[in-house]
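What follows is a short report on a single structure.
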Amino acid sequence: LSQNIHDSNGPVDCVTSSQEIIALLDYEAKRKGIELLLKSSGKKVCILGNDSDFKMLILNLLQNAIKATGSEGKIEVSLRTAADITTIKVKDTGRGISAKNLPHIFEPFYSEGQKGSQRGTGLGLAIVKSIVEKFSGNISVQSKEGKGTTFTIEFPQYAESRTPKHKKNE
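Following our numbering, the numbering of the sequence shown begins with -16 at its first residue and continues without gaps.
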């Protein structure tokens, strides 16, 4: 099978990609009375990876946050680059995750979501974790029941200088 052109690794503009996913989910969030915010330390925050995987990561984290956050809630995506590390945080004011369930949230098919039609497949966070690892990153989570959850992802910062400025004639 030929590799999909979108699967090749290169610089991912985390700001633009996050804005696109937030725009996609904004209607659903507003309908629930949830405010979706994006904060960034600069116009460009880049990681080495591929755009479709990065968008899948942000989409899964935001969909989970929307499910967990009641009306009048707030979800904030923050992007920051410092000391060769790009940090992405997705913070919600949702119901939080219990201490007993926290160790299991990245396991495939584990779901703490609501029962019935709102119940998820339990694959979202397993997918997120595999994407983070694929891009040589780390993910951690902090949560307090009734107060909300924050996912923190750290990636090696993408250095523009590592890419060749011009290709030699072949």
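Positions of the beta carbon are idealized from the N, C-alpha and C atoms, including for glycine.
Keep in mind the model is a prediction, meaning the values are calculated, not measured.
Asked: Indicate the three-state DSSP secondary structure (helix, strand or coil) for I88 in the structure shown.; Found: coil
Asked: Taking L7 as part of the alpha helix (DSSP H), name the residues at either end of that continuous run.; Found: C(-3) to R14
Asked: Distance, Cα to Cα, K112 vs S54?; Found: 28 angstroms
Asked: Which of the three DSSP states, helix, strand or coil, is assigned to V111?; Found: helix
Asked: Tell me, to the nearest whole angstrom, how far the beta carbon of T(-1) is from that of I30; I am working on the premise that it is less than 8 angstroms.; Found: Their Cβ separation, rounded to whole angstroms, is 12 angstroms, which puts T(-1) and I30 out of contact at 8 angstroms.
Asked: Find the nearest neighbour of G107 within the set Q2, G25, M39 and L8, judged by alpha-carbon distance.; Found: M39
Asked: Please classify L7 as buried or exposed, where buried requires at least 16 other C-beta atoms within 10 Å of its C-beta.; Found: exposed
Asked: Would you identify the three-state DSSP class for N43, choosing helix, strand or coil?; Found: helix
Asked: If you follow the beta strand (DSSP E) that F134 is in, where does it begin and where does it stop?; Found: G131 to P139
Asked: Skipping 5 residues on each side, what residues in its chain have a beta carbon closer than 6 angstroms to that of R78?; Found: A51
Asked: Can you pull the DSSP bridge partners for G(-7)?; Found: G32
Asked: So what's A65 in DSSP terms, helix, strand or just coil?; Found: strand
Asked: Since E18 is in the beta strand (DSSP E), which residue starts that stretch and which ends it?; Found: E18 to S23
Asked: Can you tell me whether Y93 is helix, strand or coil according to DSSP?; Found: coil
Asked: R63 and S24 look like a contact to me (Cβ under 8 angstroms); what is the Cβ gap, rounded to whole Å?; Found: 4 angstroms
Asked: DSSP has T70 in a bridge; who is on the other side?; Found: R63 and E137
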